[in-house]
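A short worksheet on the structure shown next.
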Amino acid sequence: MDFAVNQRANGLFLYRSQDTMWLWDAEVEKILDGWNDSEMQKFAKLVGIKFDEGKTGAACVGPTCDGFLKFDVKEAKFVIDQEQVDFHIAELRRRLQSTKWVFGCVNVYNEYMAYLFENLGGIPANCFGETHTQAMIATFTRIQRTVPHTKLGALEHLRKVLAERFGVQDIPDGYFYFPLASGGLGLQNVMLRTGQFANTRYAPRRLMRRANSPLCGIHATPPSHLRPVGDEFLARIANDEMEYQQSKRLWEEWYTAVKGRGEFMSFEEYNGLRECGLPNWGDLYMEMLQVPRPMEIVPLLAVGGQPSPAVLDDKW
């Protein structure tokens with residue numbers, strides 16, 4: 004059955020664990036060729052067995068998603084699913100309107116901002132690139148302006164609540180963000196947290212480290228190695244053929260001609276070993292998984308010249 008499905012469904016693999024079998028593929032047609040009135044059904048009739056209809060089923064997995072991120076196949080990157088964001092905007096607006104006390108509004112807002120931040124990717128790794136950070140900032144800006152139907156977002160909503168309850172006017176912005184221990188409201192500034200990683204241009208640090216090593220496959224062309232992270236893989240892929248030819252020439256000039264060894268590996272095999280066999284690809288891959296270094300936020304000093312404990316509160 005395994006061989007029949009593989010041949011009939013254009014290379015589709017049939018997986019099994021004891022009496023349980025399953026198959027999947029990105030192309031629905033392959034699944035249908037392997038199952039519907041085809042090889043699996045024919046094989047079952049041929050050997051006199053039946054599939055348990057009560058334990059048999061199919062499901063369409065759909066696009067690749069992680070939290071509020073979905074993978075855009077055309078752009079080859081993760082983008083923010085704004086429909087899911089809109090759903091939580093409506094939910095956040097409803098909860099804020101039903102909360103009558105000030106600290107309740109702050110708690111609801113902080114809870115949703117933390118939830119949205121994590122589901123939008125959290126602190127973006129280098130592989131997401133600058134465009135993803137800007138998309139996060141734009142999304143949080145839209146949330147701020149649409150939840151309470153005001154341009155200033157949560158601040159103006161809280162000002163309105165305080166004015167209606169206590170008749171207090173002209174409250175400075177810092178009061179809302181100051182921690183509770185310092186007499187503030189402890190409102191979380193998610194824009195500040197996200198903005199720390201904006202405009203942090205990523206340039207691979209170790210990519211040129213072994214540029215003079217003839218067998219590592221690096222063709223030292225600095226401009227292609229100093230591009231933003233979104234273009235870095237494209238630059239490396241386009242340069243693979245040239246690096247392969249360089250390594251092949253060095254092999255033939257030294258190992259084949261001098262030591263009498265065999266031919267150099269094929270280009271397909273060379274590409275298949277990039278992440279683990281080539282230092283330039285391995286270093287780049289590991290750096291893409293790291294988070295960029297955030298911009299430093301320097302605390303203000305008190306009048307006496309010593310840092311204020313309230314300002315240095317790590318929860319602010």
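With the numbering used here applied, the sequence shown closes on residue 319, and no number is skipped along the way.
Just so it is clear, CB atoms sit at the ideal spot from N, CA and C, and this is done for glycine as well.
Just so it is clear, the structure is predicted and the values come from calculations on it, not from any experiment.
If you compare alpha carbons, which of the options is closest to residue i?
{"i": "GLN87", "options": "GLY275, LEU15, VAL76, GLY70", "result": "GLY70"}
{"i": "GLU32", "options": "CYS63, GLN85, LYS45, MET24", "result": "CYS63"}
{"i": "VAL82", "options": "HIS91, CYS68, THR23", "result": "CYS68"}
{"i": "ARG296", "options": "ILE174, ALA7, GLU244, ILE126", "result": "ILE126"}
{"i": "LYS80", "options": "GLU133, CYS279, THR149, LEU17", "result": "GLU133"}
{"i": "GLU271", "options": "GLY107, TRP257, GLU244", "result": "GLU244"}
{"i": "ILE140", "options": "ASN242, LEU195, LEU183", "result": "LEU195"}
{"i": "HIS91", "options": "GLU167, PRO66, PHE120", "result": "PHE120"}
{"i": "ARG29", "options": "GLU290, PHE16, PHE267", "result": "Checking the sequence, you will find Ala at residue 29 rather than Arg. Comparing Cα positions, the closest option is PHE16."}
{"i": "ALA12", "options": "GLU42, GLN147, TYR18, MET291", "result": "GLU42"}
{"i": "LEU123", "options": "ASN113, ALA138, GLU114", "result": "ALA138"}
{"i": "GLY280", "options": "GLU255, GLU266, SER250", "result": "SER250"}
{"i": "PRO182", "options": "SER20, ASN113, ARG145", "result": "ASN113"}
{"i": "GLU56", "options": "THR23, LEU95, LEU292, GLY107", "result": "THR23"}
{"i": "TYR247", "options": "SER185, TYR273, TYR258", "result": "TYR273"}
{"i": "ALA93", "options": "ILE300, GLU78, ARG145", "result": "ARG145"}
{"i": "LEU35", "options": "GLY275, VAL294, LEU95, VAL8", "result": "VAL8"}
{"i": "GLY156", "options": "ARG96, THR197, SER20", "result": "ARG96"}
{"i": "ILE300", "options": "GLY265, THR197, SER269", "result": "THR197"}
{"i": "TRP284", "options": "ASN242, LYS77, LEU161", "result": "ASN242"}
{"i": "GLN44", "options": "ALA184, MET4, TYR258, ARG168", "result": "MET4"}
Cβ atoms of residue j and residue i: under 8 Å apart, would you say?
{"i": "PHE131", "j": "VAL193", "result": "no"}
{"i": "GLY170", "j": "TYR178", "result": "no"}
{"i": "GLN199", "j": "MET298", "result": "yes"}
{"i": "THR149", "j": "ALA201", "result": "no"}
{"i": "ASP173", "j": "LEU158", "result": "no"}
{"i": "TYR180", "j": "LEU190", "result": "yes"}
{"i": "ASP84", "j": "LEU72", "result": "yes"}
{"i": "ASN129", "j": "GLU278", "result": "no"}
{"i": "LEU99", "j": "VAL111", "result": "yes"}
{"i": "LEU26", "j": "GLY14", "result": "no"}
{"i": "PHE54", "j": "PRO66", "result": "no"}
{"i": "ARG252", "j": "LEU287", "result": "no"}
{"i": "PHE267", "j": "GLU256", "result": "no"}
Name, in chain order, the residues that DSSP records as bridge partners for residue i.
{"i": "SER20", "result": "THR23"}
{"i": "CYS68", "result": "LYS73"}
Establish whether the CB of residue i and some CB of chain C are separated by less than 8 Å.
{"i": "GLY65", "result": "No chain C is present in this structure, which holds just one protein chain."}
Contact between the stretch 39-54 and the stretch 87-105 (3+ Cβ pairs under 8 Å): no
4-residue-minimum alpha helix (DSSP H) runs that sit fully inside the stretch 250-295, ordered along the chain: Taken in chain order, the complete alpha helix (DSSP H) segments of 4 residues or longer contained in the stretch 250-295 are 270-275, 277-280, 282-291.
Start-end ranges of the beta strand (DSSP E) lying completely within the stretch 71-141, minimum 3 residues: List check, beta strand (DSSP E) in window: 72-75, 80-83.
Alpha helix (DSSP H) segments (min. 4 residues) lying fully within the stretch 144-196: 157-169, 176-180
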